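Letter by letter, the sequence shown follows residues 999 to 1194 of this note's numbering.
The beta carbon of each residue, even a glycine, is placed where N, CA and C say it ideally should be.
It should be emphasised that the depicted structure is a prediction, and the values quoted were computed from it without experimental measurement.
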Amino acid sequence: MTVETPLRFSPLDGWQNTFDRLPDGLDIREIPFLTQLSLRVEPGSPAARAAEDTLGIALPGPSRADMSGEVKALWLGPDEWLLVAPPDRGQDLATRLRAAIGDAFATVTDVSAQRTTLAVSGHLTREVLARGCAIDLDPRVTPVGSCLTTLLAQAGVTLVVRGVAASSVWLLVRSSFAEYVAGWLVDASTEYRGGS
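Below, the structure is given as structure tokens:
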């Protein structure tokens, strides 16, 4: 008996053609199927240090992200981080983290199916996001490496600043809101067509 692997469709499957027609100065692409693990652990505890040793990075502090390695760590709360890695790494990464943590009070949960990631870049990024987000994206307030959970057009997102003056960001959005957020971004950029 042959078992077929089910086809996977990203929440924004088919949107790239729309994104390709955005005004100059705004580039959007979905990064689908990234591994996403929720790590809940007491900061500074032996379990946290074991997780850091396994990941090869220090877990970032409040409102920060470490985007330097293959596994990225995003601070979500006082004892919660989102670990983001290339697709299909969840089982291996979770197994290694659980083994390192052992019986300590901590959890590692695969939440890869909860969200998709939008990479937004270009000199219009900050202006377009400001139309629907109350976060001040001035680089003096939100420098590169900032990681904030906020609302964008009333949809919950995790926003990670990757470029100077918010010229490059990641938006991690729940799969069920992905089309709404994508549509809002396209609509918010309409006035810049043929201009900037």
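- Boundaries for residue 1056: no alpha helix (DSSP H) harbours it, and the DSSP string shows neither H nor E there.
- If you compare the alpha carbons of 1174, 1024, 1013 and 1184 with that of residue 1166, the shortest gap goes to 1024.
- Taking a contact as a CB-CB distance under 8 Å, the pair residue 1087 and residue 1073 does not count as one, their CB atoms being some 20 Å apart.
- Counting C-beta pairs with one atom in each stretch, the segment 1112 to 1119 and the segment 1026 to 1033 have three or more that are closer than 8 Å, which means they touch.
- Assigned with DSSP and collapsed to three states, residue 1174 falls in helix.
- By the criterion of a C-beta distance shorter than 6 Å, residue 1175 is surrounded in its chain by 1153, once the five residues flanking it on both sides are discounted.
- A distance of 8 Å or more separates the beta carbons of residue 1127 and residue 1021.
- Residue 1149 counts as exposed, since fewer than 16 other beta carbons sit within 10 angstroms of its beta carbon.
- DSSP links residue 1078 through a beta bridge to 1038 and 1075.
- Following the DSSP letters along the chain, one finds residue 1113 inside the beta strand (DSSP E) bounded by residues 1113 to 1119.
- A distance below 8 Å separates the beta carbons of residue 1034 and residue 1082.
- Secondary structure note for residue 1108: its beta strand (DSSP E) is the uninterrupted segment 1104 to 1108.
- In this structure, the straight-line span from the alpha carbon of residue 1107 to that of residue 1039 is close to 12 Å.
- In the structure shown, residue 1127 falls within a helical segment according to DSSP collapsed to helix, strand and coil.
- By the neighbour-count definition (other C-beta atoms within 10 Å, threshold 16), residue 1170 is a buried residue.
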